[in-house]
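Trainee: In my numbering, the protein residues as written are 71 to 566.
This is the structure I have questions about; it appears just below.
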């Protein structure tokens with residue numbers, strides 16, 4: 071039976087509507103450049119993470135409800151800049167996840183270092199150490215492809231968005247066998263995904279740029295072309311700007327779906343799910359090539375519970391939750407979940423500011439509104455140390471925390487380009503809170519008893535930056551040298 075679109079302004083703003091329908095975006099968070107693979111009844115997704123460590127692996131049974139089950143890597147030991155906080159906006163760009171001969175593969179390029187891959191028998195991990203397929207600068211957005219004739223290939227674009235190049239590849243995916251052949255030159259053509267269906271090779275590529283682009287499909291009877299071209303998804307009369315760059319997925323039921331992103335300002339690049347109808351062997355996405363807002367959920371043979379990627383953390387487990395990502399490479403000996411059981415300990419290293427502070431722990435914002443609260447024990451802080459709650463986005467600082475001076479501990483905040491000096495803290499614990507409203511105003515507050523909060527500082531000026539949306543973060547650094555520990559007792563995040 072053909073699926074029908076519906077409209078109901080009272081429905082919830084997120085994902086699964088609970089009545090057999092879903093609402094876009096299905097993932098209202100910064101899962102940029104999403105790529106999805108189906109294995110049996112399960113779907114797995116990866117996304118770009120740039121300078122954040124590491125790359126999450128998400129799982130779903132219906133393409134609408136997602137949780138995080140693992141991470142492909144948690145260090146990039148390929149250049150000293152990932153240790154010295156100099157790799158903002160680079161790192162992992164537009165990965166691909168694929169399954170071949172009983173094994174999962176993830177490929178990505180870093181624009182300055184090269185092409186990397188990792189494998190796993192279980193997508194939850196462990197994943198193999200990153201293998202450098204090729205040391206090269208200027209490549210982006212790779213996709214492997216194992217053909218049914220035994221040959222293997224890898225397609226990619228180049229920084230600056232084009233052209234699209236295809237290489238022969240070894241069966242184990244570790245080696246490129248030639249210098250590649252240019253198969254397509256387009257207008258900001260990137261994000262190559264390779265598929266085969268009914269004897270056609272398909273290159274599913276975004277064109278036109280992040281903010282105003284569209285989704286193009288190329289097809290040919292030969293993987294090297296020549297290729298026919300068709301635009302299969304564009305904004306049209308909708309409010310979904312630049313709908314493109316994502317993954318085509320075929321279901322056991324025979325349905326086809328397309329997961330893609332939309333650039334949503336400070337929130338980042340959020341994920342939309344589009345139905346796909348094959349017309350004359352072309353995958354036409356959405357409603358006649360324009361994005362849908364509300365639609366009947368994919369036919370996966372069952373209804374699954376509503377769920378979201380994880381957020382809150384009590385810090386009682388021996389490992390951090392998979393929702394957490396370090397800003398650049400962590401220094402593992404300078405953080406702990408065991409030195410003080412029930413606390414996340416961040417040992418302060420020297421830094422002049424939060425942009426250079428190592429071991430800053432981040433996670434994605436979830437939707438446009440929410441409340442974040444954390445509890446910080448300050449008794450082990452040292453003079454010159456700062457620790458607290460922050461937003462990371464562009465280069466502008468937005469944070470609230472405790473500063474340890476020679477005459478005690480004081481509240482301090484930086485918001486909207488201004489610095490605010492607050493009262494002394496007499497006890498050993500301070501609570502920080504942020505009320506998030508990306509469409510209006512977002513502010514910080516603090517408490518000395520965990521119940522009564524006082525707003526402090528001005529409105530945060532939260533924005534995207536370095537190809538990523540803004541993030542919430544826990545931080546600790548020392549501008550006077552090194553030393554001191556910030557102990558976070560828990561972190562709680564309620565969203566929409």
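Backbone N, C-alpha and C fix where the C-beta goes; we use that ideal spot for every residue, glycine too.
If you're wondering where the values come from, they're calculated on a predicted model, not measured in any experiment.
#1: Verify whether the separation of the beta carbon atoms of residue 557 and residue 413 is less than 8 Å.
#2: Could you check the C-alpha separation between residue 208 and residue 129 for me, to the nearest Å?
#3: Applying the 10 Å Cβ sphere with the 16-neighbour rule, what's the burial state of residue 373?
#4: Count the other CB atoms within 10 Å of the CB of residue 288; is the residue buried (16 or more) or exposed (fewer)?
#5: Does residue 564 come out as helix, strand or coil in the three-state DSSP assignment?
#6: Could you tell me which residues DSSP pairs with residue 286 in its beta bridges?
#7: Can the beta-carbon of residue 235 be found closer than 8 Å to that of residue 257?
#8: Could you say which of 349, 463 and 521 lies nearest to residue 268 if we only look at CA atoms?
#9: Just the C-alpha distance for residue 76 and residue 91, rounded to the nearest angstrom, thanks.
#10: With three or more beta-carbon pairs closer than 8 Å as the criterion, would you say the stretch 333-341 touches the stretch 431-450?
#11: What would DSSP say about residue 294, mapped onto helix, strand or coil?
#12: How do the stretch 349-366 and the stretch 295-309 stand: do at least 3 beta-carbon pairs fall below 8 Å, yes or no?
#13: Can you tell me whether residue 546 is buried or exposed, with buried defined as 16 or more other CB within 10 angstroms of its CB?
#14: Which of the three DSSP states is assigned to residue 152 in this structure?
#15: Using only the alpha-carbon positions, how far apart do residue 148 and residue 360 sit?
#16: Runs of 3 residues minimum, wholly inside the stretch 104-180: which ones carry the beta strand (DSSP E) assignment?
#17: Taking DSSP as the reference, what is the three-state secondary structure of residue 259?
#18: Could you please give me the residues that DSSP links to residue 217 through a beta bridge?
#19: Do you know how far the Cα of residue 476 is from the Cα of residue 137?
#20: Using DSSP's beta-bridge definition, name the partner residues of residue 513.
#21: Please determine if the stretch 548-556 and the stretch 505-524 are in contact, where contact requires at least 3 C-beta pairs separated by less than 8 Å.
#22: For the pair the stretch 499-515 and the stretch 437-452, tell me if three or more CB-CB distances fall below 8 Å.
#23: Considering only the beta carbon of each residue, do residue 133 and residue 273 sit closer than 8 Å?
#24: Quick one: Cα of residue 386 to Cα of residue 104, how far?
Mentor: On the basis of the coordinates in this document:
#1: yes
#2: 31 Å
#3: exposed
#4: buried
#5: Residue state, collapsed to three classes: strand.
#6: 275 and 301
#7: No, these two residues do not count as a Cβ contact at 8 Å.
#8: The shortest Cα separation from residue 268 among 349, 463 and 521 belongs to 349.
#9: Its pLDDT being 37, under 50, residue 76 is placed unreliably by the model, and the measurement read from it follows with that caveat. Spanning the two alpha carbons is a distance of roughly 8 Å.
#10: Yes: at least three Cβ pairs fall under 8 Å.
#11: Taken through DSSP and simplified to helix, strand or coil, residue 294 comes out as coil.
#12: yes
#13: Classification of residue 546: buried, given that the 10 Å Cβ count is 16 or more.
#14: helix
#15: Put simply, the backbone Cα of residue 148 is about 41 Å away from that of residue 360.
#16: 105-109, 112-116, 126-130, 137-141, 163-170 and 173-180
#17: coil
#18: DSSP lists no partner for residue 217.
#19: Approximately 45 Å between the Cα atoms of the pair.
#20: 505
#21: Too few Cβ pairs lie closer than 8 Å, so no.
#22: Cβ pair count under 8 Å is three or more, so yes.
#23: Not in contact: residue 133 and residue 273 (Cβ atoms no closer than 8 Å).
#24: 31 Å
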